[in-house]
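For the sequence shown, the positions run -22 to -1, 1 to 216 when mature numbering (1 follows the signal peptide of the UniProt record, and there is no 0) is used. Please read the structure below before turning to the comments.
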Amino acid sequence: MFFPLYVLLYHFTFMLFYFVHEYVGIHGCSETDGEDMHGLDEEEMWHADFNQKRGVVTLPDFANPLEFPNFYETSVIEMTGCKSDVAFLTKVFKSPPPEMDAPQTSIYLKDDVELGVQNTLICHVTGFYPPSLSISWTKNNAHVTEGISLSQYRPRADGTFNIFSTLKFTPAEGDIYSCTVNHIALQGQPQTKTLDVALPSVGPAVFCGVGLTLGLLGVALSNLKAMHILISLLMLKV
């Protein structure tokens, strides 16, 4: 592993009642932060919130909800050991430069745009390592701080990570929203994706309809022309 970040990734596949499932667990820390997460089939099930000092179940509500007894207490103990490992291995390997993969960022809407109707912007950041970055939002070049949520880091099969940030907003024509990502692999050059709020255009659909109508008309005319030629040839034979 590379430091100061220390990450253990558990990833295995198993079969239950003839269905194949994929379990992913992440356990990692730096000198100041820590993360412990468990997921199934690319969906997070549980993570430790060390700021709130509790475990968080992220599954939908079920009639018989899953329980994770003593998971948080175990995570706290593991974080203590993890940070000790970071200090020891950093000393042994003399702080080698960390392995890095730059993120790829995309921004999109949860629902179709309706002016004046609340919607959600989604900023998806993927393919990055190590799992430590910052995401910020702007509206018309002004920083936004309300209505923002951030998911946990989620591991991918290739060892990199992805994360989602969402922004609740009410669309108004002409507004421009941006999502900016800072990551060590970007070397001080933040990655920004922008979305211009506008109503969907009806032009392409109209032009497509007109084109289809003209095309069918052309086919009809061609068929009439062919019939006219055929009748003419038959009359010549008579």
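Here a beta-carbon is modelled for each residue, glycine too, at the ideal position from N, C-alpha and C.
V91 sits in coil when the DSSP states are folded into three classes, being neither helix nor strand.
Here P108 is not near E13, since their CB atoms are 9 Å or more apart.
By the Cβ criterion, the segment 112 to 124 is not in contact with the segment 86 to 98, since fewer than three pairs of Cβ atoms, one from each stretch, lie closer than 8 Å. When beta bridges are read from the DSSP output, N97 appears opposite F147. C-alpha of V(-3) to C-alpha of R132: approximately 20 Å in a straight line.
The segment 54 to 78 contains no complete beta strand (DSSP E) run of 3 or more residues. With respect to L18, V34 sits apart: the two C-beta atoms are not nearer than 9 Å.
A straight-line Cα-Cα distance of about 15 Å links Q30 and T10.
Straight-line spacing of the CA atoms in N160 and T172 works out to 15 Å.
Between F49 and M23, the alpha-carbon positions lie close to 12 Å from each other. Counting C-beta pairs closer than 8 Å gives three or more between the segment 69 to 80 and the segment 147 to 165, which meets the contact rule.
Collapsing the DSSP output to three states places F142 in a strand. Between Y86 and V122, the C-beta gap is not smaller than 9 Å, which leaves the two residues out of contact. Of the candidates S127, F106, G125 and T144, F106 places its Cα closest to the Cα of T138. With fewer than 16 other beta carbons inside 10 angstroms of its own, L44 counts as exposed. Burial state of V175 is buried, judged by a 10 Å Cβ sphere holding 16 or more other Cβ atoms. Take the alpha-carbon of K72 and the one of K146: they are about 44 Å apart. In this structure, DSSP gives E124 a state outside helix and strand, which the three-state scheme calls coil.
By the criterion of a C-beta distance shorter than 6 Å, T36 is surrounded in its chain by E22, once the five residues flanking it on both sides are discounted. Judged by DSSP secondary structure, D174 falls within the beta strand (DSSP E) whose first and last residues are Q169 to D174.
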